[in-house]
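Residue numbers (the numbering used here), protein chains in the order written: chain A, 3 to 358; chain B, 3 to 358.
Where a beta carbon is used, it is the ideal one built from N, C-alpha and C, also for glycine.
Owing to the predicted nature of the structure, the values given are computational and were not obtained by experimental measurement.
One structure is given here, and the rest of the page talks about it.
Number of protein chains: 2
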Amino acid sequence: MVHNYSAGPCVLPQEVFEKAAESIRDYNGTGLSIIEMSHRSKDFVEVMDRARALVKELLNVPDGYTVLFLQGGASLGFYTSAINFMKNEGGVGAYVDTGSWSSKAIKEAKLLGDVRVLASSQDQNFNYIPKGYEVPTDVDYVHLTSNNTIFGTQFKSFPESKAPLLCDMSSDIFSKSVDVSKFDLIYAGAQKNMGPAGTTVYIVKDEALGKTGRAIPSMLDLQVHSSKDSMFNTPPVFAVYGSMLTMEWMKKEGGVSEMEKRNEMKAQLLYSEIDRNALFEGTTKAEDRSNMNPTFVLKDEEAHAARFDQMWKNANINGLKGHRSVGGYRASMYNALGIGSVRVLVEVMKELERTA
Amino acid sequence: MVHNYSAGPCVLPQEVFEKAAESIRDYNGTGLSIIEMSHRSKDFVEVMDRARALVKELLNVPDGYTVLFLQGGASLGFYTSAINFMKNEGGVGAYVDTGSWSSKAIKEAKLLGDVRVLASSQDQNFNYIPKGYEVPTDVDYVHLTSNNTIFGTQFKSFPESKAPLLCDMSSDIFSKSVDVSKFDLIYAGAQKNMGPAGTTVYIVKDEALGKTGRAIPSMLDLQVHSSKDSMFNTPPVFAVYGSMLTMEWMKKEGGVSEMEKRNEMKAQLLYSEIDRNALFEGTTKAEDRSNMNPTFVLKDEEAHAARFDQMWKNANINGLKGHRSVGGYRASMYNALGIGSVRVLVEVMKELERTA
C-alpha cells in the first residue's frame, strides 16, 4: 500500500477508484461508459444534480445559494470571482495575502480594477496568517485563501466582514465545518478533498450576482451558469462524477464533522511528532498550522536528509517533498488519507531519530 | 452492444475504456490511481507530453506551433480565441456564421471589439455552408466553425485568408486530414473524436501570439500556457489521459487518413440510404453534408415517427434524436463508431420502409 501525501491531485477513497473504474466500463448496467454518455442524458443529469445536492447537504448550504461545477481550476476562479463581484465603475477588491495563491488572485483582480491588500504575511515568507487588520466596508468584496498548501497555514477563524466575503477554499473544503452563510462566494478546485482534477465548485449567494454593471464573458458569468443548472456547456463529466462518488463516501463515513475529527487527529499526531522529535521543526507559526498540509524541515539537512528520504521512500510513502518555496517536507493529509498512513510517517521520523 | 450515436460526449474506442478503468485502479503498476498522482509527477508529465506529441504527429502539425490541453470547452474558447487575436485598439474579428456555435463565438467576441459577419446561412436555418463571400484582409482574424453538430453541415474546404485563420474544430478534428499551416489557431473540445469531456486542445502558431496589446487574464492567455508547457495550473488529468489513449488508438489503427477513409464510408452508407429511402430526407444541402453528424427527418412524421423510434431503440441504438433546432434525427458518427453500427441503423430504416 502506498501512503500518498501528494499535495493535489491527491489520495481519494479506494472505493471511489473501484466505482469509477467500473462505471468507465459500464455505467450502472446501461451498457455505456460514463464517459460516452450524452451530458444531457437522464443518467448524467442525475449525476450532476446529485453532486450539487451533496455539496449542499455536506456543507449545510443555506437557501439562496447555488452550487455550480465549472472548469478552469481555482486559477480561473481568481479572475472569475473578481469579475463577478468587482464593480465596473470604480471597483475595489480587498485581499488578504497569505501566499502564492492569494498573490495570484490579486494579480488577476488588478486587471479589472483597484486592489487593496489588507494584510500580508510576505514579510516572513507567509509562515503565518495575518490578524488584527481592519476590514473595510467601502470595497466590493474581501477575498481570502482559507488554506495555503505551499506554506502550510490555515485560517482557524474568518474575519467578520460587512462587504461580501469571497473565499478560495480549494485545499480545505469538506475538511471541516464552515458557516457558508458568512460568504457570498466560496470556490474550490476539486483535486484535494472533493474529487479528481478537472472541475471547480462554486457556491454562490444568488442575490449577490448581477450587480457589477459589467458585460461578463458567458463562461465566466456565474449567473449564466446558474440559470442553466451548471450545464451551460458540456461539463467535465468524469471529474463531476468522481466528485459525486467522493462526496457519497464522505456522507457514508459520517459527513464533514467526522472528516474534521479525523483530520484533527491526524494533524495532532504529526505535529506532536514534529515538535517532539529533536531532528525536525515546523515551518509555520503554531496557531496557524494547517491541518491539511503540515510543513516541516530537518534542523540539519546535510546530516539527515539523504537517509530520511531513503527511509520514507522505503516505507512506501509518496509525495512528501516540500514545495520549492519552503523546502523541506510537506505532508498533505487530505480527507482520504488514513491515520494509518500518518502512523507510518511518524514511525519513520522516530526511527530516524533513534538511529541518527 | 449499444450503438452509440450521441452527439458528444460520445462513443470512444472500447480499449480506451479498458485501459482507463485499469489506470484508475493502478496506473502502470505504480500502486497509485492515475487520478491520485501529482500532476508534477514524472508519470503524469509523461502523459501530458505524450498527448501533446500525439496531436502533432496525427495532424502533421508543422514546427512553430504549440499544442495545449486547457479547460473550459470550446465555449470558453470562443472568448479565448478572440482575446488572443483581437487588437485592443480598433480590433476587428471576422466570422462566418454557420450555426449555434458560430453565433455563440460571435457573441463573445463582441465583448472585446468589432465583429464583422462575412456570411451567414441563418436565412435557411443554417442548412448550408456559405460560399463566395469576400475574405477581408483588414481584420485581425477570420473565424470559422469547421463542422456544425446541430445543423449537420461541414466545411469541405476552407477559404483562403491573408488574415489569421482561427477555427473551432470541436466536432471534426482528427476525422480527416487538415492542413494546419493554414491556421493560426485551431481549438477543439475533446468530447467528440479526441477523448472524454473536460479538456480542450489548442493548436496555436507561436509567432501569432502576444500582438494584441491587451492585458489578458492568465488562464485565458495562450502565451502563459505555452510558456508553462500546458501546466500553468493543475490540468484536467483524466481527460488528458483519456485523450492520450484515444490518440494512441487512432495511431495504431492507421492515423487520421485511415479515420477519414472510414468516416467517408460510414457517411456514404447512411446518406445513400437517406436518399434512397422514400420515407426519409436529409435536412442539409448535399454538398455541405457533415460526415460527422448526418441530420435527417421523416417526410411524414405523424405516420412513422412512433414506430421508427421504437424500432431503433429495439435495435440498441442510442442518441439518435435530433437537436430541437432541427428536429428529426441526427446520427453522430465519430471516429470510434464502427461501420457495423451504421449498418444496423440502415437496416432499421430499410425495415421501416418495407413494413410501412
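C-beta contact flag for Val63/A and Ile152/A at 8 Å: As a working note, residue 63/A is residue 61 in the first sequence. As a working note, residue 152/A is residue 150 in the first sequence. The answer is no: Cβ separation not under 8 Å.
Chain A contact for Asn320/B (CB, 8 Å cutoff): One-based indexing of the second sequence puts residue 320/B at position 318. Yes, contact with chain A.
Under 8 Å by beta carbon: chain B residues contacting Ser35/A: Position 33 of the first sequence holds residue 35/A. Correct list: Leu14 and Phe19.
Interface residues of chain B facing Ala23/A [CB-CB closer than 7 Å]: In the first sequence, residue 23/A corresponds to position 21, counting from 1. Residues of chain B passing the Cβ test: Ala23, Ile26 and Arg27.
Cβ-Cβ distance between Pro161/B and Val137/B below 8 Å: The count along the second sequence starts at 1 and reaches residue 161/B at position 159. The count along the second sequence starts at 1 and reaches residue 137/B at position 135. Contact: yes.
Under 7 Å from the C-beta of His227/A: neighbouring residues of chain B: For the purposes of this step, residue 227/A is taken as the residue at position 225 of the first sequence. Here the premise fails: no neighbours, minimum Cβ distance about 11 Å.
Endpoints, the alpha helix (DSSP H) within which Lys58/A is located: Against the first sequence, residue 58/A aligns to sequence position 56. Looking at the DSSP string, the run of the alpha helix (DSSP H) that includes Lys58/A is Lys44 to Leu60.
Distance, Val348/A Cα to Gly342/A Cα: Start at 1 with the first residue of the first sequence, and residue 342/A comes out as number 340. Start at 1 with the first residue of the first sequence, and residue 348/A comes out as number 346. Looking at the two C-alpha atoms, the distance is approximately 10 Å.
Reduced DSSP secondary structure (H/G/I, E/B, other) of Ala264/B: Against the second sequence, residue 264/B aligns to sequence position 262. Per the sequence shown, residue 264/B should be read as Arg rather than Ala. Reduced to three states, the DSSP call for Arg264/B is helix.
Unbroken stretches of the alpha helix (DSSP H), 4 residues or longer, contained in the region 152 to 235 of chain B: 224 to 229
Coil, strand or helix - Phe240/B by DSSP: Taking the first residue of the second sequence as position 1, residue 240/B is located at position 238. Reduced to three states, the DSSP call for Phe240/B is helix.
Chain B contacts from the region 53 to 86 of chain A (Cβ-Cβ distance under 7 Å): Gln73, Gly74, Gly75, Ser77, Leu78 and Tyr81
Three-way DSSP call (helix, strand, coil) for Thr32/A in this model: Against the first sequence, residue 32/A aligns to sequence position 30. If DSSP states are grouped into helix, strand and coil, Thr32/A belongs with coil.
C-beta neighbour in chain B for Asn195/A, strict 8 Å: Locating residue 195/A in the first sequence gives position 193, counting from the first residue. It does not; no Cβ of chain B falls within 8 Å.
Cβ-based neighbour list, Thr155/A, same chain, cut-off 8 Å, excluding 5 preceding and 5 following: In the first sequence, the residue the question calls residue 155/A occupies position 153. Around Thr155/A: Thr100, Gly101, Ser123, Phe128, Asn129, Tyr130, Ile131, Asn149, Thr286, Lys287, Asp290, Arg291 and Ser292.
Segments of 4+ residues assigned as alpha helix (DSSP H) that fall wholly inside the region 299 to 354 of chain A: 303 to 316
Cβ separation of Tyr336/B and Phe298/B, assumed to be a contact under 8 Å, to the nearest whole Å: Residue mapping note: residue 336/B aligns to position 334 of the second sequence, counting from 1. Residue mapping note: residue 298/B aligns to position 296 of the second sequence, counting from 1. Contact doesn't hold; Cβ gap of about 17 Å is too wide.
Neighbourhood of Val182/A by C-beta distance below 8 Å, restricted to the same chain and skipping five residues each side: Locating residue 182/A in the first sequence gives position 180, counting from the first residue. Cβ within range, chain order: Leu61, Asn62, Val63, Pro64, Tyr67, Ile188 and Ile205.
Assigned secondary structure, Glu24/A (DSSP; H/G/I helix, E/B strand, else coil): Within the first sequence, numbered from 1, the residue matching residue 24/A stands at position 22. Three-state result, Glu24/A: helix.
Alpha-carbon spacing of Gly191/B relative to Arg54/A, whole angstroms: Your numbering for residue 191/B matches position 189 in the second sequence. Your numbering for residue 54/A matches position 52 in the first sequence. Roughly 24 Å separates the two Cα atoms.
Three-way DSSP call (helix, strand, coil) for Ser292/A in this model: As a first step, residue 292/A must be located in the first sequence, where it is residue number 290. If DSSP states are grouped into helix, strand and coil, Ser292/A belongs with coil.
Exposure label - Met3/B; buried when at least 16 CB within 10 Å: Taking the second sequence and counting its residues from 1, the one referred to as residue 3/B is at position 1. Result: exposed.
Residue environment, Tyr135/A, which counts as buried when at least 16 other CB atoms sit within 10 Å: For the purposes of this step, residue 135/A is taken as the residue at position 133 of the first sequence. The residue is exposed, with fewer than 16 neighbouring Cβ atoms inside 10 Å.
For Phe71/B, the first and last residue of its enclosing beta strand (DSSP E): Residue numbering aside, residue 71/B sits at position 69 when the second sequence is read from its first letter. Residues Tyr67 to Leu72.
Counted within 10 angstroms of its Cβ, other Cβ atoms place Arg216/A as buried (16 or more) or exposed: The residue labelled residue 216/A in the question sits at position 214 within the first sequence. With 16 or more Cβ atoms within 10 Å of its Cβ, Arg216/A is classed as buried.
Short-range partners of chain E found in the region 237 to 251 of chain A, where Cβ spacing is below 8 Å: Annotation note: the requested chain E is absent from the structure, which comprises protein chains A and B.
Chain B within 8 Å of Glu255/A, Cβ atoms only: The residue you call residue 255/A lines up with position 253 of the first sequence. At a cut-off of 8 Å between C-beta atoms, Glu255/A does not count as an interface residue with respect to chain B.
Any chain A beta carbon closer than 8 Å to Asn6/B: The residue given as residue 6/B occupies position 4 in the second sequence. For Asn6/B, the answer is yes, since a Cβ of chain A falls inside 8 Å of its Cβ.
Residues of its chain near Gln73/B, where Cβ-Cβ distance is below 6 Å and the 5 sequence neighbours each way are ignored: By 1-based counting over the second sequence, the position of residue 73/B is 71. Closer than 6 Å at Cβ, skipping near neighbours: Pro238.
Near-chain A residues of the region 172 to 199 of chain B (beta-carbon distance less than 9 Å), N- to C-terminal order: Under the 9 Å Cβ criterion, the region 172 to 199 of chain B contributes Gly191, Gln193, Gly197, Pro198 and Ala199.
Val18/B in three-state terms, based on DSSP: On the second sequence, residue 18/B is found 16 positions in, with the first residue counted as 1. Residue state, collapsed to three classes: helix.
Enclosing alpha helix (DSSP H) for Thr82/B [first to last residue]: Reading the second sequence from its first residue, position 80 is the one you call residue 82/B. From DSSP, the alpha helix (DSSP H) with Thr82/B extends over Gly75 to Phe87.
Proximity of Ser1/B and Phe71/B at Cβ, strictly below 8 Å: Given a span of 3 to 358 for chain B in the structure shown, any question on residue 1/B remains unanswerable.
Euclidean distance between Cα positions of Glu266/B and Ile108/A: On the second sequence, position 264 is the one that residue 266/B refers to. On the first sequence, position 106 is the one that residue 108/A refers to. Roughly 51 Å separates the two Cα atoms.
Proximity below 8 Å, CB of Ala317/A to CB of Val346/A: Within the first sequence, the letter at position 315 stands for residue 317/A. Within the first sequence, the letter at position 344 stands for residue 346/A. Cβ atoms of Ala317/A and Val346/A: closer than 8 Å.
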